[in-house]
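Enquirer: The structure under discussion is supplied below as structure tokens; questions concerning it will follow.
Number of protein chains: 2
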Amino acid sequence: MAEQMTEQMAKQTLLEAFNAASYPLTGSSRWNVNQLLEAFRSIDGEQDSDIYGNGAIIENFQAKIASYLGKPSAVFFPSGTMAQQIALRIWSDGAGNKKIAYHPLCHLEIHEQNGLHELHHLEPLLLADKSRTIGLEDIQQMTEKVSCILLELPQREIGGTLLPFSELEAISAYCRERGIKLHLDGARLFEVLPYYKKTAAEVCRLFDSVYVSFYKGLGGIAGAMLAGDESFTAESKVWKRRHGGDLISLYPYIISSDYYFEQRLPKMEQYYHAAIELAELYNSCQHIETRPEVPVSNMFHVHAAVPKERLEQLFKAVYAETGVGLTRYVREVDADNSYFEVSLGDRYLGTPKDKVREALGLLGAKLAELKQQ
Amino acid sequence: MAEQMTEQMAKQTLLEAFNAASYPLTGSSRWNVNQLLEAFRSIDGEQDSDIYGNGAIIENFQAKIASYLGKPSAVFFPSGTMAQQIALRIWSDGAGNKKIAYHPLCHLEIHEQNGLHELHHLEPLLLADKSRTIGLEDIQQMTEKVSCILLELPQREIGGTLLPFSELEAISAYCRERGIKLHLDGARLFEVLPYYKKTAAEVCRLFDSVYVSFYKGLGGIAGAMLAGDESFTAESKVWKRRHGGDLISLYPYIISSDYYFEQRLPKMEQYYHAAIELAELYNSCQHIETRPEVPVSNMFHVHAAVPKERLEQLFKAVYAETGVGLTRYVREVDADNSYFEVSLGDRYLGTPKDKVREALGLLGAKLAELKQQ
Numbered sequence: 004m005a006e007q008m009t010e011q012m013a014k015q016t017l018l019e020a021f022n023a024a025s026y027p028l029t030g031s032s033r034w035n036v037n038q039l040l041e042a043f044r045s046i047d048g049e050q051d052s053d054i055y056g057n058g059a060i061i062e063n064f065q066a067k068i069a070s071y072l073g074k075p076s077a078v079f080f081p082s083g084t085m086a087q088q089i090a091l092r093i094w095s096d097g098a099g100n101k102k103i104a105y106h107p108l109c110h111l112e113i114h115e116q117n118g119l120h121e122l123h124h125l126e127p128l129l130l131a132d133k134s135r136t137i138g139l140e141d142i143q144q145m146t147e148k149v150s151c152i153l154l155e156l157p158q159r160e161i162g163g164t165l166l167p168f169s170e171l172e173a174i175s176a177y178c179r180e181r182g183i184k185l186h187l188d189g190a191r192l193f194e195v196l197p198y199y200k201k202t203a204a205e206v207c208r209l210f211d212s213v214y215v216s217f218y219k220g221l222g223g224i225a226g227a228m229l230a231g232d233e234s235f236t237a238e239s240k241v242w243k244r245r246h247g248g249d250l251i252s253l254y255p256y257i258i259s260s261d262y263y264f265e266q267r268l269p270k271m272e273q274y275y276h277a278a279i280e281l282a283e284l285y286n287s288c289q290h291i292e293t294r295p296e297v298p299v300s301n302m303f304h305v306h307a308a309v310p311k312e313r314l315e316q317l318f319k320a321v322y323a324e325t326g327v328g329l330t331r332y333v334r335e336v337d338a339d340n341s342y343f344e345v346s347l348g349d350r351y352l353g354t355p356k357d358k359v360r361e362a363l364g365l366l367g368a369k370l371a372e373l374k375q376q
Numbered sequence: 004m005a006e007q008m009t010e011q012m013a014k015q016t017l018l019e020a021f022n023a024a025s026y027p028l029t030g031s032s033r034w035n036v037n038q039l040l041e042a043f044r045s046i047d048g049e050q051d052s053d054i055y056g057n058g059a060i061i062e063n064f065q066a067k068i069a070s071y072l073g074k075p076s077a078v079f080f081p082s083g084t085m086a087q088q089i090a091l092r093i094w095s096d097g098a099g100n101k102k103i104a105y106h107p108l109c110h111l112e113i114h115e116q117n118g119l120h121e122l123h124h125l126e127p128l129l130l131a132d133k134s135r136t137i138g139l140e141d142i143q144q145m146t147e148k149v150s151c152i153l154l155e156l157p158q159r160e161i162g163g164t165l166l167p168f169s170e171l172e173a174i175s176a177y178c179r180e181r182g183i184k185l186h187l188d189g190a191r192l193f194e195v196l197p198y199y200k201k202t203a204a205e206v207c208r209l210f211d212s213v214y215v216s217f218y219k220g221l222g223g224i225a226g227a228m229l230a231g232d233e234s235f236t237a238e239s240k241v242w243k244r245r246h247g248g249d250l251i252s253l254y255p256y257i258i259s260s261d262y263y264f265e266q267r268l269p270k271m272e273q274y275y276h277a278a279i280e281l282a283e284l285y286n287s288c289q290h291i292e293t294r295p296e297v298p299v300s301n302m303f304h305v306h307a308a309v310p311k312e313r314l315e316q317l318f319k320a321v322y323a324e325t326g327v328g329l330t331r332y333v334r335e336v337d338a339d340n341s342y343f344e345v346s347l348g349d350r351y352l353g354t355p356k357d358k359v360r361e362a363l364g365l366l367g368a369k370l371a372e373l374k375q376q
């Protein structure tokens with residue numbers, strides 16, 4: 004019987020095991036059609052669609068988020084990929100300088116199939132190295148003139164790390180003095196506000212343009228907002244049309260974005276404290292460390308000095324014994340090391356604390372055994 | 004009292020009057036959130052979302068439409084603007100030739116803010132003049148070598164006109180012999196199949212790549228499909244990512260596209276006959292002619308030798324007296340002439356014939372009076 008279980012478990016993927024767990028810990032909900040149905044449950048069906056960027060549904064939401072971000076204007080986009088390429092293109096065209104600067108692990112550098120070059124012919128300068136965030140010194144030491152710098156808060160690909168707010172202020176002042184536009188990749192901006200103890204507007208006033216996402220910590224279906232002054236957003240609408248993003252109807256994303264913004268923005272502080280709590284439990288396990296050690300948002304990365312397949316086996320055993328799902332995937336770093344990302348939301352808040360401790364305790368025990376083998 | 008009515012009417016926009024009419028004749032439904040709610044009414048909420056182009060929801064629909072179009076493969080896009088620029092870019096890159104050819108009133112030429120040039124640096128050659136469709140001769144007489152030709156069936160901006168199927172076959176053979184790729188702008192392909200008496204696959208086999216839309220005659224919310232051979236669609240996915248169209252979740256558009264495809268594809272023949280019927284009624288009015296005179300799809304344009312404001316007044320009076328809404332807008336051609344587009348769907352089919360005749364009869368009477376003034 005136990006042997007049969009083990010055989011079944013071996014066949015199951017980690018994702019399947021995670022989805023079957025009673026207490027999946029990451030995210031806010033399963034990524035399925037119910038996300039949409041829930042958001043539309045109380046919506047009046049007679050409400051007119053937006054039409055190619057016009058209409059109350061889109062204009063009201065744009066005004067609401069512009070106001071929240073403390074910017075004169077905002078434009079809803081189907082994706083951040085589109086919004087951010089466009090922001091950099093506008094600043095580059097304005098300065099007549101194709102050079103822009105960002106982090107080597109910036110979304111535009113590693114996740115967009117080189118669209119920034121293939122479509123916009125922009126030339127990125129990479130600031131800082133892969134292991135840390137961009138600091139004021141990196142910018143001061145630039146030897147080439149750039150039209151724009153993109154900063155991502157927090158830097159997702161290194162676990163969600165942040166530079167101190169005072170350094171952000173110094174970077175902003177430095178760039179303004181030199182006429183360098185500063186763009187905020189705020190894919191997870193909402194998520195860092197509790198750590199910074201700032202309003203979104205207090206962060207955004209340091210930047211000339213801002214992108215925020217509605218499906219990261221907020222857990223919407225898709226969609227992004229690009230904010231800035233009126234002339235910037237007017238130009239961004241022309242580029243949105245060019246990119247094929249000016250859809251006749253964007254309301255499926257707008258209504259759901261607005262719904263989850265209202266539902267989950269007030270919980271960002273809870274998600275942040277949950278991440279600190281869970282990271283501490285992970286760090287108490289042998290062979291494991293989180294990056295950052297103490298999270299500054301709802302996310303962190305878990306690095307394990309354990310091969311990917313081995314870690315997956317351990318996790319499946321933990322899920323089976325405790326009913327707690329820790330991660331849906333593990334990625335290989337090299338033959339001996341692996342990692343995964345943790346991003347917390349409603350699911351963690353809804354899980355009994357003793358279940359979380361039980362699961363991490365069991366994981367710790369299994370990792371300790373591993374060493375002895 | 005009558006004066007009061009007139010004053011009210013004068014203040015009302017034509018769109019408001021159209022929306023207030025008991026029998027609006029164009030389109031299939033009001034463009035509002037009910038379109039989405041209806042499509043999702045019978046959908047299982049537990050169905051997993053597509054994730055960045057993967058998952059059963061998107062893959063099954065792509066396979067279904069590829070098969071319907073008789074192509075090896077298809078990719079769902081948020082918009083036709085994105086899909087078509089990408090198709091032309093792929094063919095252009097493949098041939099190492101930035102020249103492509105299309106009609107002067109092609110969507111890419113007049114509705115996309117010059118995206119094809121600004122993003123893809125392609126150089127369009129305009130074939131035929133604005134008043135007619137591209138024919139074989141136009142292509143034979145090209146003096147420059149192009150990588151690709153785009154044909155739109157039907158040519159929307161001139162009322163939805165078509166060239167004979169035999170000429171389409173001749174164009175296809177001519178282009179294949181010369182290694183020129185042929186791309187179909189099939190925004191309204193479903194709508195012309197009853198006239199051609201062909202299956203979609205019979206039309207599409209004349210083309211190397213095909214775009215179809217789910218919100219024109221079908222009345223979905225938004226969304227498009229790009230079809231072709233496997234290597235073409237694989238490349239188009241890379242470009243979709245670059246354009247910012249590879250959204251984490253596209254299912255709000257996919258599910259609604261599939262729903263309205265099933266609902267309305269079988270009615271295209273009825274819509275087509277409705278257009279012939281209504282065009283005949285318009286053509287019986289003085290000062291009015293439709294283009295084409297006899298429609299070949301569910302659409303046609305109505306041209307009036309009447310100034311825009313005057314025509315709007317007449318329409319508002321007809322809507323008020325009969326309850327029938329004929330058009331939501333009128334566009335100025337010049338000081339003496341105006342026009343609008345008619346596209347028929349479920350609403351026309353659901354309107355009693357005597358109401359239609361009553362409205363067009365009254366319009367005819369008012370137009371005849373106009374002449375006598």
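Listed in order, the protein sequences are those of chains A and B.
Heads up, the first sequence is in the working numbering, so the first residue is 4 and it goes up one at a time.
Heads up, the second sequence is in the working numbering, so the first residue is 4 and it goes up one at a time.
Cβ atoms here follow ideal geometry from the backbone N, Cα and C, with glycine treated the same way.
It should be emphasised that the depicted structure is a prediction, and the values quoted were computed from it without experimental measurement.
#1: Could you work out which residues of chain A lie near B/E115, taking near to mean beta carbons separated by less than 7 Å?
#2: Taking the alpha-carbon of B/H306 as reference, which of B/Y322, B/Y332, B/G83 and B/L39 has the nearest alpha-carbon?
#3: Could you give the distance in angstroms between the alpha-carbon of B/T379 and the alpha-carbon of B/L171?
#4: Could you check whether the stretch 273 to 285 of chain A touches the stretch 245 to 258 of chain A, counting it as contact only if at least three pairs of C-beta atoms, one from each stretch, sit closer than 8 Å?
#5: Name the chain B residues that come within less than 8 Å of A/Q50, Cβ to Cβ?
#6: Where B/M85 and B/M12 are concerned, what is the direct C-alpha to C-alpha distance, given to the nearest angstrom?
#7: Measure the alpha-carbon distance for A/I54 versus A/S252 and round it to whole angstroms.
#8: Apart from the five residues just before and just after B/P157, which ones in its own chain have a Cβ nearer than 7 Å to its Cβ?
#9: Which residues in the same chain have their Cβ closer than 7 Å to the Cβ of B/L122, if we skip the five residues on either side of it in sequence?
#10: For A/L17 and A/R294, what's the separation of their Cα atoms in angstroms?
#11: Compare the C-beta of B/I54 with all C-beta atoms of chain A and state if any pair is closer than 8 Å.
#12: In chain B, which residues lie less than 8 Å from A/L122 when you measure between Cβ atoms?
#13: Please confirm whether B/D261 has its beta-carbon closer than 8 Å to some beta-carbon of chain A.
#14: Give me the Cα-Cα distance between B/E226 and B/F80, rounded to the nearest whole angstrom.
#15: Counting only beta-carbon separations shorter than 8 Å, does A/D47 have a partner in chain B?
#16: Which residues of chain B have a Cβ atom closer than 8 Å to the Cβ of A/L250, listed in chain order?
#17: Along the stretch 195 to 229 of chain A, what residues have a CB closer than 7 Å to any CB found in chain B?
#18: For A/I68 versus A/A59, is the C-beta spacing smaller than 8 Å?
#19: Which residues in the same chain as B/F210 place their Cβ atom closer than 6 Å to its Cβ, once the five residues preceding and following it in sequence are excluded?
#20: For a contact meaning CB atoms closer than 7 Å, what does A/Q88 contact in chain B?
#21: By Cβ distance below 8 Å, which residues in the same chain neighbour B/N100 in space, the five residues on each side in sequence not counted?
#22: Give the C-beta separation of B/V206 and B/Y198 to the nearest angstrom, bearing in mind that I take them to be a contact with Cβ-Cβ under 8 Å.
#23: Give me the Cα-Cα distance between B/I224 and A/A66, rounded to the nearest whole angstrom.
#24: Quick one: what's got a C-beta closer than 7 Å to B/R33's C-beta in the same chain, skipping five residues either side?
#25: Would you call the stretch 22 to 31 of chain B and the stretch 34 to 50 of chain A in contact, with 3 or more CB pairs under 8 Å?
#26: Specify, as a first and last residue, the run of the alpha helix (DSSP H) that B/I89 falls within.
#27: Would you identify the three-state DSSP class for A/H186, choosing helix, strand or coil?
#28: Closer than 8 Å, CB to CB, is B/M85 near chain A or not?
#29: So B/A77 is in the beta strand (DSSP E); what residue range does that whole segment cover?
#30: Give every residue of the same chain whose Cβ lies closer than 6 Å to the Cβ of B/M4, excluding the five residues on either side of it in the sequence, and list them in chain order.
#31: To the nearest angstrom, report how far apart A/H304 and B/R208 are at their CA atoms.
#32: Given a threshold of 16 other Cβ atoms within 10 Å of its Cβ, counted over all protein chains shown, does B/G222 qualify as buried or as exposed?
#33: Would B/A371 pass as an interface residue toward chain A - the criterion being a Cβ-Cβ separation below 8 Å?
#34: Restricting to Cα atoms, I'd like to know which of B/L314, B/R92 and B/Y275 is closest to B/D349.
#35: What does B/F43 touch in chain A if you count any residue whose Cβ is under 8 Å from its own?
#36: Using the C-alpha atoms, what's the distance from B/N117 back to A/Q144?
Expert: A quick look at the data gives this:
#1: For the purposes of this step, residue 115 of chain B is taken as residue 112 along the second sequence, with counting starting at 1. Correct list: R244 and R245.
#2: Translated into the one-based positions of the second sequence, residue 306 of chain B becomes position 303. A check of alpha carbon separations from B/H306 across B/Y322, B/Y332, B/G83 and B/L39 identifies B/Y332 as the nearest.
#3: Since the first and last residues shown for chain B are 4 and 376, residue 379 of chain B lies out of range.
#4: Contact between the stretch 273 to 285 of chain A and the stretch 245 to 258 of chain A is absent, because fewer than three Cβ pairs lie under 8 Å.
#5: As a working mapping, residue 50 of chain A is identified with position 47 in the first sequence. Taking a Cβ-Cβ cut-off of 8 Å, the neighbours of A/Q50 in chain B comprise N35 and V36, given in sequence order.
#6: If you number the second sequence from 1, residue 85 of chain B lands on position 82. If you number the second sequence from 1, residue 12 of chain B lands on position 9. Across the structure, B/M85 and B/M12 are spaced so that their CA atoms are roughly 41 Å apart.
#7: Numbered from its first residue, the first sequence carries residue 54 of chain A at position 51. Numbered from its first residue, the first sequence carries residue 252 of chain A at position 249. One alpha carbon belongs to A/I54, the other to A/S252, and they sit about 6 Å apart.
#8: Along the second sequence, read from residue 1 onward, the residue named residue 157 of chain B stands at position 154. Cβ within range, chain order: G163, T164, L165, R191, V195, V299 and S300.
#9: Position 119 of the second sequence, counted from the first residue, corresponds to residue 122 of chain B. Excluding positions up to five away in sequence, the list reads Q88.
#10: As a position in the first sequence, residue 17 of chain A is number 14, starting the count at 1. As a position in the first sequence, residue 294 of chain A is number 291, starting the count at 1. Roughly 22 Å between the two C-alpha positions.
#11: Your numbering for residue 54 of chain B matches position 51 in the second sequence. Yes, B/I54 lies at the interface with chain A (some Cβ there is under 8 Å from its Cβ).
#12: On the first sequence, residue 122 of chain A is found 119 positions in, with the first residue counted as 1. By Cβ distance, chain B contributes L122, H123, R245 and H246.
#13: In the second sequence, residue 261 of chain B corresponds to position 258, counting from 1. Proximity of B/D261 to chain A, defined by a Cβ-Cβ separation below 8 Å, is not satisfied.
#14: Translated into positions along the second sequence, residue 226 of chain B becomes position 223. Translated into positions along the second sequence, residue 80 of chain B becomes position 77. At residue 226 of chain B the sequence reads Gly, which differs from the Glu that was named. Their backbone Cα atoms lie some 6 Å apart in a straight line.
#15: In the first sequence, the residue the question calls residue 47 of chain A occupies position 44. Answer yes: the Cβ-Cβ gap between A/D47 and chain B drops below 8 Å somewhere.
#16: As a working note, residue 250 of chain A is residue 247 in the first sequence. Identification of chain B residues near A/L250 by a Cβ-Cβ cut-off of 8 Å yields P81, S82 and A225, ordered along the chain.
#17: Listed by position along the chain: Y218, I224 and A225.
#18: Against the first sequence, residue 68 of chain A aligns to sequence position 65. Against the first sequence, residue 59 of chain A aligns to sequence position 56. No.
#19: Working through the second sequence from its first residue, we reach residue 210 of chain B at position 207. Excluding residues up to 5 positions away in sequence, L185 and L187 lie with their Cβ nearer than 6 Å to the Cβ of B/F210 in the same chain.
#20: Mapped onto the first sequence, residue 88 of chain A falls at position 85. By Cβ distance, chain B contributes G247.
#21: Here residue 100 of chain B refers to the residue found at position 97 when the second sequence is read from its first residue. Within the same chain, B/N100 has close Cβ partners K148, V149 and S150.
#22: Position 203 of the second sequence holds residue 206 of chain B. Position 195 of the second sequence holds residue 198 of chain B. About 11 Å separates the two Cβ atoms, so there is no contact after all.
#23: As a position in the second sequence, residue 224 of chain B is number 221, starting the count at 1. As a position in the first sequence, residue 66 of chain A is number 63, starting the count at 1. CA-to-CA, the gap between B/I224 and A/A66 works out to about 23 Å.
#24: Counting from 1 along the second sequence, the entry for residue 33 of chain B is found at position 30. Nothing meets the Cβ criterion.
#25: Taking a cut-off of 8 Å on C-beta distances, the stretch 22 to 31 of chain B does not touch the stretch 34 to 50 of chain A, as fewer than three cross pairs fall below it.
#26: Position 86 of the second sequence holds residue 89 of chain B. That run of the alpha helix (DSSP H) goes G83 to A98.
#27: Taking the first sequence and counting its residues from 1, one reaches residue 186 of chain A at position 183. Strand.
#28: The residue you call residue 85 of chain B lines up with position 82 of the second sequence. Yes - at least one Cβ of chain A is within 8 Å of the one on B/M85.
#29: Residue mapping note: residue 77 of chain B aligns to position 74 of the second sequence, counting from 1. Counting along the chain, the beta strand (DSSP E) containing B/A77 begins and ends at S76 to F80.
#30: Reading the second sequence from its first residue, position 1 is the one you call residue 4 of chain B. Residue confidence is low: B/M4 scores 42 on pLDDT, short of 50, so the model does not pin down where it sits. Its coordinate-derived value is still stated next. Hits under 6 Å: none found.
#31: On the first sequence, position 301 is the one that residue 304 of chain A refers to. On the second sequence, position 205 is the one that residue 208 of chain B refers to. Between the alpha carbons of A/H304 and B/R208 lies a distance of about 50 Å.
#32: Counting from one through the second sequence, the residue named residue 222 of chain B turns up at place 219. B/G222 is buried by the Cβ-count criterion.
#33: Here the question's residue 371 of chain B lines up with position 368 in the second sequence. Not one beta carbon of chain A lies nearer than 8 Å to the beta carbon of B/A371.
#34: Walking along the second sequence from the start, residue 349 of chain B turns up at place 346. Residue B/Y275 is the option with its Cα nearest to B/D349.
#35: To locate residue 43 of chain B, count along the second sequence from 1; it is residue 40. Here the neighbours are V36, L39, L40 and F43.
#36: Locating residue 144 of chain A in the first sequence gives position 141, counting from the first residue. Locating residue 117 of chain B in the second sequence gives position 114, counting from the first residue. Straight-line Cα distance between these residues: approximately 38 Å.
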